[in-house]
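Engineer: In my numbering, the protein residues as written are 1 to 215.
Dropping the structure in here first, questions after.
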Amino acid sequence: MSKVVSIAASKPLQGARIGVYGGSFDPVHLGHLRSALEVFQAQELDELRFLPSGNPPHRARAQVANEHRLKMLQLAVKEVQGVSIDDRELDRKSTSYTIDTLETIQAENPLSALTLVIGMDQFSAFDTWHRWQELLQRVELVVMERPGEPMSGSARQLMDSSLKKRISIISVTQMDISSSRIRKDLQEGQDVRFLVPDTVRKYILSQDLYSSQIG
C-alpha cells in the first residue's frame with residue numbers, strides 16, 4: 001500500500017490544504033527546496049508533499065534507483081515543519097499519470113483541498129497532460145514562475161479561459177540550479193557543495209551516485 005513518509009508534519013486535519021509538488025528530484029537541490037518553501041508560505045498550505053515520480057510519461061527514467069531519490073528527499077526536508085514525502089508513485093509499475101495519483105490522494109483526504117504545484121515549463125505543456133481538463137477541475141494549480149521564463153501560447157489561452165480561476169501564478173526566487181547540471185558536475189568530478197543540502201551531498205558521495213552517469 002502506498003504511504004506518506006512524514007518528516008516533520010502531523011497528519012493533516014480534515015479540511016486542510018495539501019500541496020503536491022511532483023518531480024524526478026534526481027537529485028533534489030536547493031532550487032526545489034526554496035521554491036517549495038515559498039509556495040508553502042504564499043499559499044498558506046497546511047502540508048506540502050514532495051512526490052517523487054515513478055514512470056512519468058513526459059520525462060526520462062531517473063538516473064539512480066528510487067531508494068536513493070527517496071533517501072535524498074528524506075535528508076533534504078528532515079525537520080522542515082509542514083513538509084512530507086509521498087512515495088506512492090515509486091511502487092507503481094505502470095505509467096504514472098498525475099491525475100491518477102491525485103485521485104488516490106483525494107480519496108484518502110476527501111475533506112481536504114488539493115493544490116498541484118508545477119513549474120512554468122510544465123504549465124506551458126499542460127495541455128498535453130493526460131486528462132488535463134479533468135485534473136484542473138479537481139485541484140487548484142499553482143505555477144512557479146521565475147524571472148525571464150516564457151509562457152507558451154497554449155498556456156496563455158488557458159489563462160484566458162473559464163478555468164483561469166483555478167490557476168495561480170506566483171514568482172519564486174530565481175536559482176540557476178538544475179538536477180541535470182548537478183549530475184554533469186558529479187560525473188566530471190566537480191564539487192556540488194551549495195547546490196544541494198550538505199546532507200544530500202554527503203549521501204551522494206557515500207553512495208558514489210552519478211559519478212559514472214552522464215546527466
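Glycine included, every Cβ here is placed at the ideal spot set by N, Cα and C.
#1: Considering only the beta carbon of each residue, do F126 and A107 sit closer than 8 Å?
#2: Do you know offhand how far Q74's Cα is from Q157's?
#3: Considering only C-alpha positions, which residue in the set P57, R34, S211, L51 is nearest to W129?
#4: Within the same chain, show all residues whose beta-carbon is closer than 7 Å to that of S211, passing over the 5 residues directly before and after it, in chain order.
#5: Could you pull out every residue in the same chain whose Cβ sits closer than 6 Å to the Cβ of G119, ignoring the five residues on either side in sequence?
#6: So for Y203, helix, strand or coil by DSSP?
#7: On the three-state DSSP scale, how would you describe E79?
#8: Could you tell me the distance, in whole angstroms, from the CA atom of Y237 to the CA atom of M72?
#9: Please tell me whether L116 and L102 are closer than 8 Å, where the distance is taken between their beta carbons.
#10: Give the secondary structure of V139 by DSSP, where H, G and I count as helix, E and B as strand, and everything else as coil.
#11: Verify whether the separation of the beta carbon atoms of L136 and L163 is less than 8 Å.
#12: So for G189, helix, strand or coil by DSSP?
#13: State the Cα-Cα distance for the pair R17 and V83, rounded to the nearest angstrom.
#14: Is DSSP giving I177 helix, strand or coil here?
#15: With respect to the alpha helix (DSSP H) encompassing F123, which residues constitute its N-terminal and C-terminal limits?
#16: The beta strand (DSSP E) with R17 in it runs from where to where?
#17: Can you tell me which of the three DSSP states M151 falls into?
#18: Just to confirm my understanding: we take R34, look at its own chain, exclude 5 residues before and 5 after, and list those with CB closer than 8 Å. What are they?
#19: Hey, would you say I85 sits closer than 8 Å to F40, going by beta carbons?
#20: In whole angstroms, give me the CA-to-CA distance for L30 and P147.
#21: Contact defined as beta carbons within less than 8 Å: I believe I99 pairs with R61. What is the distance between those atoms, to the nearest angstrom?
#22: My guess is that R69 and D26 are in contact by the Cβ rule of under 8 Å, so how many angstroms apart are they, rounded?
Structural biologist: Looking at the atomic coordinates:
#1: no
#2: 38 Å
#3: P57
#4: L186, Q187
#5: M144
#6: helix
#7: coil
#8: The structure shown does not extend to residue 237, since the chain spans only 1 to 215, so no value can be given for it.
#9: yes
#10: coil
#11: yes
#12: coil
#13: 12 Å
#14: coil
#15: 120-123
#16: 17-23
#17: coil
#18: V172, T173, M175
#19: no
#20: 17 Å
#21: Contact doesn't hold; Cβ gap of about 21 Å is too wide.
#22: 6 Å
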